[in-house]
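What follows is one structure encoded as structure tokens, with my remarks underneath.
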Amino acid sequence: MDVEDLPTNILPKKPKMKIDDLPTSVLPQWPRQKKLQREYSDGKASETPMKSPSAMMLGDRQHAALMKRTLPQVDADPTQELVSISPELARLIEHRKQVANLETRQMQALTATPPAQEKETPVPTPVAKAQVKPEEEKQPRKRTLGRRKRVPVLQQISIVECGAACLAMLLSYYGRQTTISEIREQCGVGRDGLTALSIVKAARTYGMRVRALSLQDNDFRFVPLPAIIHWEFNHFVVVERWSPKQVEIIDPAVGRRRLTAAAFDESFTGIVITMEPGPQFARGNHRSQLTLATYARDYVRQAPGALVQVLGTSFLLQLLGLVFPLLSAVAIDQLIPGKLVNALQLFGIGMIMLVLAQVVTRLLRSFILLYVQSRVDITLMFNFLDHLFSLPQRFFLQRSTGDILARVGSNSVIRDTVSNQLFSTLLDGSFVLIYFFILLSQSPLFATVVVGIGVLQALLLLSTGKPLKDLNQRELAAIGKSQGYITEVLAGIKTLKSAGAEYRALERWSNLFFEQMNISVRRAYITAIIDTVMSALNVAAPLTLLWLGTLQVINGSMQVGTMLALNALGSSILGPLSSLIVSGRQIQLVQSHMERLADVIEAEPEQDVQKSVQPPRLSGDISLRNVSFQYDPQSPMVLHNINVDIKPGQ
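Quick note on numbering: my numbering labels position 614 of the sequence shown as 608, and the sequence is numbered without any gaps.
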């Protein structure tokens, strides 16, 4: 600000004068009238006058950091000499000093590390190109997309939880494993979501050192990553890695995304929230207590006797399946060469009895499993809905009706997975080991081939598990949105038809439905590739064993019956092993349903049933005095100091 900007009523009756017009005798005498900076070009050094603080803010940031270290230190305050001439000019100089201090603080906010301790050193002389440059001229460390510690991905469950999900991801990254539900309660997430100020306050309650920055040119060279940024003016995401050409972000609604610099600049609003652990930051595991193991434990408690029967019948089926390879070896190696016709009749009766035993055992197992599922559904579903109805109203305001219905349906998905996949996985795993040791004792070559096929199947599961889980989470969220919108439309169909907005509602639903279909098709592509590779391995494995067995029979090291028996035994291993791989894939996918179910089960009910009492019979007037209401702690008051009197009968 110049003197010309001051109000005229406080200026002295003298000609207008700027600070540059003052005599040099009253201006501050710096230790060196001319500071020099060094600029390198093709190994040569040149000297140019030092720029002012304002010019530094407009120039290169690296140059600004260098200039900040070379600013002179003044022992005395030179503005005292101007007080005797004009107090208004002293105020002007004081204002310019405050502006310079503000520029210095802004430069410190843009640098990743504080400057080194200033020393009174002479101006350096030019050096050769091969020598090391001074510390001030070191280039900033570039943020590359190389290997480093990854931020765990936590996807938001409702549309207003993006800020809570980002904060939970950063806390988990620094060692405090937490859930979105905990952050939501800590931040007081309402129907309108979170603000940047709410995220900063919540992070500080966990012992984090937090800084909020405003970047003008989207340059993250000096910003410590990972960091939370404001996205498209209505969303929060986490920047995990940055480079001048591409940026990797974690969107709580989508997952990891890799964007070009131009695409990133289109959505980035300039607001950045950085944080790091402070002295009071406490690491630990505060993740959800509801896991597939805890759910299976509650499942077993509902009908322990019936489940034991299911396990027993499943074990018997596996043993009956083990008899068929032995019968094949006996028939080929003994009955056919010896032409034992009488024994062949007895052998046929035994095979018929074996088939009948297997059919009866399988049917009995299905009946017992159906009884267990119906009993578990009655108990767990009733408990789930009882807890759901006890939750406060804000829980339902933050979620759509379709989303809540999808969570109710997750109970059936998890129940089917536990009953049909989990227990069969345990049995298949145990029998795969038994079959493998039997095969290893008879033919190490066959066992090696089976292990190789199993390793390929396991690698296929591990490589596709994470993408399938992410797509499944996104698909569940999309299904909740589309179903929720249809439910709301049908509930308000009278108003919708009165306004003539049917086609507008149809267009909105079609957008949600096509978004769901796109995700479903992507997941179906990956599933189709997995199923195709699994089918190819299941076909190639028996053929490989048959080729190896035939080679050994030709060489005379194995009989035909033994070869066929080992081939059947190898197929008996590959069958449960494939089932084990498929079960593992289903268990991975059901984790998405578990997270959605935990969001309901771990929510605090509105009232404590143990402490609730029967309310007395109401009588008299109802009076409200100075009653205020807000949807969440961060939102403005929608009702403020309301006074209401209701007489009996009104």
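All C-beta atoms, glycine included, are put in the ideal place defined by N, C-alpha and C.
Counting along the chain, the unbroken alpha helix (DSSP H) around phenylalanine 378 starts and ends at 335 to 383. In the three-state scheme derived from DSSP, where H, G and I count as helix and E and B as strand, aspartate 525 is classed as helix. Annotation: glycine 614 to aspartate 639 spans about 11 Å, alpha carbon to alpha carbon. Per DSSP, reduced to three states, the secondary structure at asparagine 212 is coil, with no helix or strand assignment. Less than 8 Å divides the Cβ of valine 183 from the Cβ of valine 154. CA-CA distance, asparagine 377 to glutamine 608, rounds to 22 Å.
Nearest C-alpha to glycine 201 among Pro271, Gly187 and Gly169: Pro271.
In the three-state reduction of the DSSP assignment, glutamate 226 falls in the coil class, being assigned neither a helical nor a strand state. The Cβ-Cβ distance between leucine 470 and glutamine 582 does not fall below 8 Å. In this structure, the alpha-carbon of glutamine 585 lies about 13 Å from that of threonine 288.
Contact check for threonine 307 against leucine 350 fails: the beta carbons are separated by 8 Å or more.
Burial of lysine 475 is indicated by the presence of at least 16 other C-beta atoms within 10 angstroms of its C-beta. The criterion of a C-beta distance shorter than 8 Å is not satisfied by glycine 478 and glycine 569. The straight-line gap separating the alpha-carbon atoms of arginine 409 and alanine 257 is approximately 43 Å. Contiguous beta strand (DSSP E) elements confined to the region 572 to 604 do not occur, taking only those with 3 or more residues. Beta-bridge pairing by DSSP links alanine 206 to Ile267. The three-state reading of DSSP puts threonine 254 in strand, counting E and B together. Contact check for glutamine 392 and serine 152: beta-carbon distance about 5 Å, within the 8 Å limit, so the pair qualifies. Under the DSSP assignment, phenylalanine 623 falls in the beta strand (DSSP E) whose first and last residues are 616 to 623. If you check the CB distance, leucine 454 and valine 527 come in under 8 Å. Per DSSP, the beta bridge partners of tryptophan 236 are Val241. Per DSSP, valine 402 lies in no beta strand (DSSP E); the unbroken alpha helix (DSSP H) holding it starts and ends at 395 to 411. A Cβ-Cβ contact shorter than 8 Å links serine 413 with leucine 363. Secondary structure at leucine 633: strand, using DSSP grouped into helix, strand and coil. Judged by their CB atoms, glutamine 387 and proline 246 are not nearer to each other than the 8 Å cut-off. Counting only residues of its own chain and dropping the five nearest sequence neighbours on each side, serine 384 has a CB closer than 8 Å to the CB of Pro599, Glu600, Gln601 and Val603. Pairing phenylalanine 440 with phenylalanine 431, the inter-Cα distance amounts to about 11 Å.
In this structure, histidine 587 lies near valine 407, with their beta-carbon atoms less than 8 Å apart.
A contact is defined here as three or more CB-CB pairs under 8 Å, and the region 250 to 267 fails this definition with respect to the region 329 to 340. Beta-bridge pairing by DSSP links valine 638 to Leu618.
With a 10 Å radius around the Cβ and a threshold of 16 neighbouring Cβ atoms, alanine 485 comes out exposed. Residue pairing by DSSP places glycine 278 opposite Arg170 in a beta bridge.
CA-to-CA, the gap between arginine 369 and threonine 285 works out to about 21 Å. Just so you know, the alpha carbons of alanine 162 and threonine 199 end up roughly 13 Å apart. With 16 or more other Cβ atoms inside 10 Å of its own Cβ, histidine 229 counts as buried. Taking the Cα positions, isoleucine 473 is about 34 Å away from leucine 531.
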